[in-house]
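What follows is one structure encoded as structure tokens, with my remarks underneath.
2 protein chains.
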Amino acid sequence: MLDIKEKLKSNAEIVECALESCYSYATPDFQQLIEAQKYGLLGGGKRIRAFLVLEICRLFSGDIAPAIPYACAIEMIHASSLIHDDMPCMDNDDVRRGKPSTHKKFGESLALLSGDAMMVKAFGVCVKNNMLSVEQNAKAIEILANSTGECGMLAGQTMDIDAAKKMLDFETLVKLHQYKTGKLISASAKLGCIAAGVGENDEKYLAAIKYAENVGLAFQIIDDILDYNEGKRELNSFLSFMSVEEATKYALDLTESGISAISPYDDGTFTELAKYLIIREF
Amino acid sequence: MLDIKEKLKSNAEIVECALESCYSYATPDFQQLIEAQKYGLLGGGKRIRAFLVLEICRLFSGDIAPAIPYACAIEMIHASSLIHDDMPCMDNDDVRRGKPSTHKKFGESLALLSGDAMMVKAFGVCVKNNMLSVEQNAKAIEILANSTGECGMLAGQTMDIDAAKKMLDFETLVKLHQYKTGKLISASAKLGCIAAGVGENDEKYLAAIKYAENVGLAFQIIDDILDYNEGKRELNSFLSFMSVEEATKYALDLTESGISAISPYDDGTFTELAKYLIIREF
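In order, the protein sequences belong to chains R and X. So the first sequence is residues 1402 to 1683, counted in the numbering used here. So the second sequence is residues 1402 to 1683, counted in the numbering used here.
Structure representation (structure tokens):
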């Protein structure tokens, strides 16, 4: 497990540095809007999404460099959703990763605007990826828009609003996770493929998506198990439908199935990552 | 003036229909998120930005069709900013165009998410414009991201937060308008050029930008004059720095300068539009 931990750390450092450089203005006109974005984006997070983009690209092409802008873009979309999600009209969370959340630090209006700006910036970063062809960047933008918008992450967040009020059936609970977090996780795998020159009809592309989807859902189930074991009884949890043992088996089965999909191509990284996400030692 | 009014109306109808069709899902999974977007986007607005995209494209290429997706994209960015701007943490406006604003109708969380989704969708619509080349769409996305994000409209909205608290100097007031509304207005002209195959180094491109910038600023000055004449005394208004006569002359000079920039190419549309925006008969 040492290897995957080191690899996660080293990739996270590369991504942190690349994200920083996206905000390197000589004389920014609107310092506050930049600062609020950097506050919500930098200095934390496991960068699992970026890791998937970079490592899928490395697996299929031997290089991570062309995928770095796409990895930044997906982290920007994710961070912008966290900024908005923490706001009082959403989850109303005052703390994020041990720090005051963006709206507590900068005020609600700046939190709203910085989330907006970061979401827009993700597309600007993709389109300016000059290590790849304009066709690849266009495909990346299409993937990013589809997996973020009304048929992606934001649809999942909309379902989450309803979920706060009523208990979902099992099918809907799975769907909520598939949209809210799953869509961006699969998008990460897709972006890694596009950066590696692997197209949508390639078997590798399908394998990468299957891996991401299964491991992504397993991650959410483990989240629910951890919450349950800490004594939290959430209205919408996998533990409302099964025992801890059953949920653990469900997560392990999904992990197994994800590993099996990528195994014809895997150099060990993805098997280790999947296991690591189950053990959750971070 | 009959012609330009008819032209605005007919273009607005084309855009309305195109925007509607962007949301035509056979079985939308997340009806609420779609409905909130359509509520904030459709059935109103002068569509001046879309008009500029379409008419600049027609002026330089003889056709509006290839520019329609870009016109939709810019209206989506604009409408999403209005949804977010009306929210309690921003301007806290309960009414927009005579109807309850989106957050009053759908709640704050859905207003936030629908603004986010629409901003993302704008990029999705651009990248899928199959009447134009992938290079043109990439350029359009770059323009859209630059003019919306932290160096564009959202920077202007950030300045506006400060402007609510203190009186700006004249230079900063001009800059606020140049960012808050000006950037998207110039982007409209740029997108029309790109759709027409007119590149950034072309004199036509520069003429179109100059027209848009000048007429856009004139529009804001007229806004301030109208507010002033209705008895409103805003903290940050052009009327804090000049008399109504001086402000009117300022707006007319800008309009003149805009008309003069586009005049080598104008078929009359842009002269009429500029005059119409000054008279403001809508």
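Note that CB positions come from ideal geometry on N, CA and C, so glycine has one too.
The beta carbon of Leu1577 of chain X sits no closer than 8 Å to any beta carbon of chain R. Beta-bridge analysis with DSSP links Arg1498 of chain X to no other residue.
Annotation: Cβ neighbours of Phe1431 of chain X in chain R (cutoff 9 Å, chain order): Glu1551, Cys1552, Leu1555, Ala1556, Gly1557, Thr1559, Met1560 and Tyr1580. The CB of Val1535 of chain R comes closer than 8 Å to the CB of Val1535, Glu1536 and Ala1539 in chain X, given here in chain order.
Taking a C-beta cut-off of 9 Å against chain X, the contacting residues of the segment 1512 to 1530 of chain R are Ala1512, Leu1513, Leu1514, Ser1515, Gly1516, Asp1517, Ala1518, Met1519, Met1520, Val1521, Lys1522, Ala1523, Phe1524, Gly1525, Val1526, Cys1527, Val1528 and Lys1529, listed in chain order. In the structure shown, the three-state DSSP call for Met1554 of chain X is helix. Among the residues facing chain R, Met1491 of chain X is included, as its CB has a counterpart in that chain under 8 Å away. By the C-beta density criterion, Pro1665 of chain X is exposed, having fewer than 16 other C-beta atoms within 10 angstroms.
Residue burial is scored here from C-beta neighbours: Gly1593 of chain X has at least 16 other C-beta atoms within 10 angstroms and is therefore classed as buried. Counting only residues of its own chain and dropping the five nearest sequence neighbours on each side, Asp1561 of chain R has a CB closer than 7 Å to the CB of Leu1577 and Lys1581. For Leu1674 of chain R, the enclosing alpha helix (DSSP H) covers residues Thr1670 to Ile1680. Cβ contact annotation for Gly1598 of chain R (same chain, cutoff 8 Å, sequence separation greater than five): Phe1461, Ser1462 and Gln1537, in chain order. Nearest neighbour of Gly1583 of chain X by Cα position, chosen from X:Asp1603, X:Leu1555 and X:Tyr1424, turns out to be X:Leu1555.
Listed by position along chain X, the residues whose Cβ is nearer than 7 Å to that of Ser1510 of chain R are Cys1490, Met1491 and Ile1562. Exposure of Gly1669 of chain R is indicated by the presence of fewer than 16 other C-beta atoms within 10 angstroms of its C-beta. Bounds of the alpha helix (DSSP H) holding Cys1527 of chain X are Glu1509 to Val1528. Burial check for Gly1499 of chain X: the Cβ neighbour count within 10 Å stays below 16, so the residue is exposed. Contact between Leu1443 of chain R and Glu1421 of chain R is confirmed by a C-beta separation of about 6 Å, below the 8 Å threshold. Between Gln1558 of chain R and Leu1514 of chain X, the C-beta spacing is below 8 Å. Under the DSSP assignment, Ile1465 of chain R falls outside any alpha helix (DSSP H); it carries neither an H nor an E label. Contact between Ala1472 of chain X and Ala1451 of chain X is confirmed by a C-beta separation of about 4 Å, below the 8 Å threshold. DSSP places Cys1594 of chain R inside the alpha helix (DSSP H), whose first and last residues are Lys1584 to Ala1596.
Leu1442 of chain X carries a helical assignment under DSSP once its states are collapsed to helix, strand and coil. Here DSSP, grouped into helix, strand and coil, assigns Arg1448 of chain X to coil. Counting C-beta pairs with one atom in each stretch, the segment 1476 to 1488 of chain X and the segment 1637 to 1649 of chain X have fewer than three that are closer than 8 Å, which means they do not touch. Listed by position along chain X, the residues whose Cβ is nearer than 9 Å to that of Ile1435 of chain R are Glu1551.
Three or more beta-carbon pairs separated by less than 8 Å link the segment 1617 to 1625 of chain X to the segment 1652 to 1659 of chain X, which places the two stretches in contact. In this structure Leu1453 of chain X is in contact with Ser1589 of chain X, their Cβ atoms being roughly 4 Å apart against a cut-off of 8 Å.
Neighbours of Ala1546 of chain X in chain R, taken as residues at a C-beta separation under 8 Å, are given in chain order as Val1521, Lys1522, Phe1524, Gly1525 and Val1528. Contact check for Leu1545 of chain R and Cys1527 of chain R: beta-carbon distance about 6 Å, within the 8 Å limit, so the pair qualifies.
Between Ala1662 of chain X and Leu1434 of chain R, the alpha-carbon positions lie close to 33 Å from each other.
Tyr1629 of chain R: member of the alpha helix (DSSP H) spanning Glu1604 to Asn1630, first to last residue.
Using a Cβ-Cβ cut-off of 8 Å, Ile1457 of chain R does not count as an interface residue toward chain X, since no Cβ of chain X sits closer than that to its own. Collapsing the DSSP output to three states places Asn1412 of chain R in a helix. A direct Cα-Cα distance of roughly 11 Å separates Ser1534 of chain R from Ala1541 of chain R.
Assignment of Cys1418 of chain R by DSSP, reduced to helix, strand and coil, places it in the helix class.
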